[in-house]
Amino acid sequence: MEAAGGSWRLLQRSVGISAMHMQLLRNDRVVMFDRTDFGPSNLSLPGGKCLRDPKANIKVDCTAHSIEYNVITNTFRPLMVQSDVWCSSGAVFPHGTLVQTGGFNSGERRVRMFKPCPTCDWEEIPLGLSARRWYATNHILPDGRQIIIGGRRQFNYEFYPKNRATQRVFDLPFLAETNDNNIENNLYPFVFLQPDGNLFIFANNRAILFDYTKNRVVKTFPAIPDGEPRCYPSTGSAVMLPLKVDAKFIEVEVLVCGGAPKGAYTKANRGIFVEALRTCARIKTTDRNPQWIMETMPQPRVMVDMLLLPNGNVLLINGGSAGTAGWEIGRNPVLNPVLYHTNNPVGKRFELQNPTTIPRMYHSTAVLLRDGRVLVGGSNAHAFYNFTGVLYPTELRLEAFSPSYLDPEFSYLRPAIQFPASPAKLRHGQALKVGFTVPGKVDPTRVSVTIFSPSFNTHSFSMNQRLLILGSRNYRLRGNWKYEVEVTIPRSGNIAPSGYYILYLVHQEIPSEGIWVQIQ
Numbered sequence: 001m002e003a004a005g006g007s008w009r010l011l012q013r014s015v016g017i018s019a020m021h022m023q024l025l026r027n028d029r030v031v032m033f034d035r036t037d038f039g040p041s042n043l044s045l046p047g048g049k050c051l052r053d054p055k056a057n058i059k060v061d062c063t064a065h066s067i068e069y070n071v072i073t074n075t076f077r078p079l080m081v082q083s084d085v086w087c088s089s090g091a092v093f094p095h096g097t098l099v100q101t102g103g104f105n106s107g108e109r110r111v112r113m114f115k116p117c118p119t120c121d122w123e124e125i126p127l128g129l130s131a132r133r134w135y136a137t138n139h140i141l142p143d144g145r146q147i148i149i150g151g152r153r154q155f156n157y158e159f160y161p162k163n164r165a166t167q168r169v170f171d172l173p174f175l176a177e178t179n180d181n182n183i184e185n186n187l188y189p190f191v192f193l194q195p196d197g198n199l200f201i202f203a204n205n206r207a208i209l210f211d212y213t214k215n216r217v218v219k220t221f222p223a224i225p226d227g228e229p230r231c232y233p234s235t236g237s238a239v240m241l242p243l244k245v246d247a248k249f250i251e252v253e254v255l256v257c258g259g260a261p262k263g264a265y266t267k268a269n270r271g272i273f274v275e276a277l278r279t280c281a282r283i284k285t286t287d288r289n290p291q292w293i294m295e296t297m298p299q300p301r302v303m304v305d306m307l308l309l310p311n312g313n314v315l316l317i318n319g320g321s322a323g324t325a326g327w328e329i330g331r332n333p334v335l336n337p338v339l340y341h342t343n344n345p346v347g348k349r350f351e352l353q354n355p356t357t358i359p360r361m362y363h364s365t366a367v368l369l370r371d372g373r374v375l376v377g378g379s380n381a382h383a384f385y386n387f388t389g390v391l392y393p394t395e396l397r398l399e400a401f402s403p404s405y406l407d408p409e410f411s412y413l414r415p416a417i418q419f420p421a422s423p424a425k426l427r428h429g430q431a432l433k434v435g436f437t438v439p440g441k442v443d444p445t446r447v448s449v450t451i452f453s454p455s456f457n458t459h460s461f462s463m464n465q466r467l468l469i470l471g472s473r474n475y476r477l478r479g480n481w482k483y484e485v486e487v488t489i490p491r492s493g494n495i496a497p498s499g500y501y502i503l504y505l506v507h508q509e510i511p512s513e514g515i516w517v518q519i520q
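Residues in the sequence shown are numbered consecutively from 1, following the UniProt record's numbering.
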């Protein structure tokens with residue numbers, strides 16, 4: 001299969017840190033961070049600040065391990081985290097503040113806040129969590145709280161912020177049942193809020209539908225037919241496919257791709273690097289008798305990131321084709337992204353894209369930006385910063401992948417949103433008129449409005465990633481190539497939890513630049 005499209009651009013030769021965790025905020029800034037016990041980074045903290053952590057390898061470290069990257073100006077500034085954020089998790093509150101939880105040693109019960117403002121820095125709550133959370137998953141709930149699920153040796157969940165009824169942790173036996181002894185394969189579980197208010201939780205090779213309000217399993221889904229693990233360290237990835245919310249019945253599908261075969265982690269630690277999985281598995285969670293449908297990717301892939309694109313397709317990016325996640329045990333970088341055409345028939349969904357020149361292995365990240373590009377950073381397969389004498393040096397470069405919908409040849413189809421103005425404040429159930437222009441002729445049957453919830457990305461999973469297809473109606477020409485469509489914002493917080501989204505106008509699969517909207 002030949003490469004079909006897309007292009008790469010190097011943005012920064014060094015941002016000073018390796019971007020292990022990444023989150024886009026409502027001011028077009030991306031917060032990135034690695035771990036604070038890597039040793040000194042290549043970026044100094046300002047004003048003589050130093051992190052003093054008696055549990056870290058370096059007791060006093062005056063370098064940064066977090067930055068704020070400005071997408072618009074392609075600049076960055078150092079931030080100061082005060083505890084170890086290694087392998088932590090996060091989500092954005094409805095008012096736009098990033099809430100970041102857990103980590104290692106000094107960070108295992110921390111809650112950290114980052115408000116999107118030009119001079120803000122991290123604020124920390126030392127004992128904000130009830131349990132140690134390392135490799136956990138966060139998800140925003142319809143009431144604005146976060147649920148924090150699992151983590152190493154934690155077969156339970158908790159909520160943040162706390163109230164009198166949720167000070168404690170709640171057992172989740174499913175996580176113990178999917179734990180492969182010392183290997184685990186159930187860390188960073190894949191979690192998606194469903195339109196019925198329950199949570200789809202996937203760990204290892206199977207999934208449940210879970211009612212977190214009553215602490216009970218509503219449904220147990222069949223295991224993926226090949227029985228192979230998909231969660232850390234056999235790290236694949238997953239997305240909930242776009243929800244078509246203008247339909248009477250919202251059909252929900254989940255796609256899980258890549259990973260490593262059983263035993264791959266143990267073999268890799270002995271120097272035997274087996275081929276990663278070539279398969280994806282797709283399931284309709286809303287079916288009466290849901291079954292996994294298997295598909296084959298163009299290449300085997302472990303440590304793959306899966307990103308929803310504004311037009312409803314999925315981008316598979318980063319990772320290797322052998323070994324597993326973990327220090328020094330991934331091999332054979334996969335440099336070509338793959339486009340997954342969600343609505344094509346089975347066998348015609350994968351399309352190879354043009355390659356990068358930078359290996360993105362363990363601890364690499366990727367997020368979708370408002371302009372439709374994908375920001376890619378990170379990759380550090382070592383316990384410390386290591387730039388020489390290793391197979392995959394610590395990676396400080398930042399680059400952007402432009403999917404083929406941004407190619408110049410499609411400029412005549414590309415819409416531009418005229419109104420509402422960004423950021424727009426919206427209400428659940430509100431009718432919204434979206435005005436737009438298109439340089440060429442418009443096909444009104446192929447116009448839709450989508451809204452995207454930016455995700456917290458780490459370790460090949462994008463937490464809270466969500467794309468809603470609102471459809472369009474009452475299409476009309478306003479003159480001089482100006483058009484207007486009307487859509488309805490979902491009424492339910494189960495479908496669209498309150499918070500900041502990016503709204504796109506999509507014409508013939510070519511998206512506009514997005515605008516920020518806040519649904520309240």
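Built from N, CA and C at the ideal position, the CB exists for glycine as well.
Fair warning: this is a prediction, and the values are worked out from it, not measured in the lab.
Can you name, in chain order, every residue of its own chain whose Cβ lies under 8 Å from the Cβ of residue i, other than the five neighbours on each side?
i, result
"Q520", "P94, K425, L426, R427, H428 and S498"
"M297", "C257, G258, R278, T279, C280, L316, V338 and F350"
"G479", "none"
"I293", "A281, R282, I283 and V346"
"E2", "Reliability fails at E2, whose pLDDT of 49 lies under 50, so the model's placement of it is uncertain and the value that follows must be treated cautiously. Counting only Cβ-Cβ distances below 8 Å, and skipping sequence neighbours, we find L352."
Could you spell out the range, first to last residue, of the beta strand (DSSP E) harbouring residue i?
i, result
"L175", "From DSSP, L175 is part of no beta strand (DSSP E) but of the alpha helix (DSSP H) over P173 to E177."
"W8", "S7 to Q12"
"W86", "Premise fails: W86 is in no beta strand (DSSP E) and is neither H nor E."
"residue 528", "This structure leaves residue 528 out entirely; the chain is present only between 1 and 520."
"M32", "R29 to F33"
"M463", "F461 to M463"
"K219", "R216 to T220"
"C257", "E253 to C257"
"D211", "R206 to D211"
"W134", "Note, W134: premise wrong, no beta strand (DSSP E); not H, not E."
"K348", "No beta strand (DSSP E) holds K348; DSSP gives it neither H nor E."
"A4", "That residue, A4, is in no beta strand (DSSP E); it is neither H nor E in DSSP."
"W516", "I515 to I519"
"R491", "Run containing R491: none; DSSP gives neither H nor E here."
"M294", "I293 to T296"
"P456", "What sits at residue 456 in the sequence shown is Phe, not Pro. Element bounds for F456: F456 to T458."
"I125", "E123 to I125"
"Q146", "Q146 to I149"
Could you check where the alpha helix (DSSP H) with residue i kicks off and where it finishes?
i, result
"Y265", "A264 to A268"
For residue i, which of helix, strand or coil comes out of DSSP?
i, result
"R370", "coil"
"R164", "helix"
"R446", "helix"
"V506", "strand"
"S44", "strand"
"E275", "strand"
"A281", "strand"
"S364", "strand"
"Q194", "coil"
"F170", "strand"
"V239", "strand"
"A203", "strand"
"R288", "coil"
Using a Cβ-Cβ cutoff of less than 6 Å, which residues in the same chain neighbour residue i once the five nearest sequence positions on both sides are dropped?
i, result
"G107", "S83, D84 and V85"
"N311", "V506, E509 and P511"
"A268", "G323, T324 and I329"
"R446", "Q508"
"Y265", "I183, P233 and T324"
"Y504", "P310, T450, P511, S512 and G514"
Can you tell me which of the options puts its alpha carbon nearest to the alpha carbon of residue i?
i, options, result
"A247", "A91, I283 and I469", "I469"
"T178", "G5, V169 and P189", "P189"
"K214", "F174, F170 and L10", "F170"
"Q167", "G128, M240, G330 and R152", "G128"
"Q465", "A238, G493, V487 and N480", "A238"
"V254", "P261, L243, K262 and G263", "L243"
"L199", "T357, A19, Y212 and N205", "Y212"
"P161", "V346, I148, S453 and A19", "I148"
"I208", "G144, Q291 and P116", "Q291"
"V217", "I183, L172 and K49", "L172"
"P403", "Y483, M463 and N313", "N313"
"E158", "S130, Q418, V517 and L187", "S130"
Leaving out five residues on either side along the sequence, give the residues of the same chain with a beta carbon under 7 Å from the beta carbon of residue i.
i, result
"V245", "L468, I469, L470, P490 and I495"
"R77", "I67 and E68"
"D371", "E513"
"S422", "I515 and W516"
What are the complete beta strand (DSSP E) segments, minimum 3 residues, inside the stretch 309 to 337? 314 to 317, 320 to 323 and 330 to 333
Quick one: which unbroken beta strand (DSSP E) runs of 3-plus residues sit fully inside the stretch 373 to 432? Chain order, please. 374 to 378, 398 to 402, 416 to 419 and 424 to 426
Ignoring anything shorter than 3 residues or poking outside the stretch 47 to 121, list the beta strand (DSSP E) runs there in chain order. 66 to 70, 75 to 79, 89 to 92, 98 to 101 and 111 to 114
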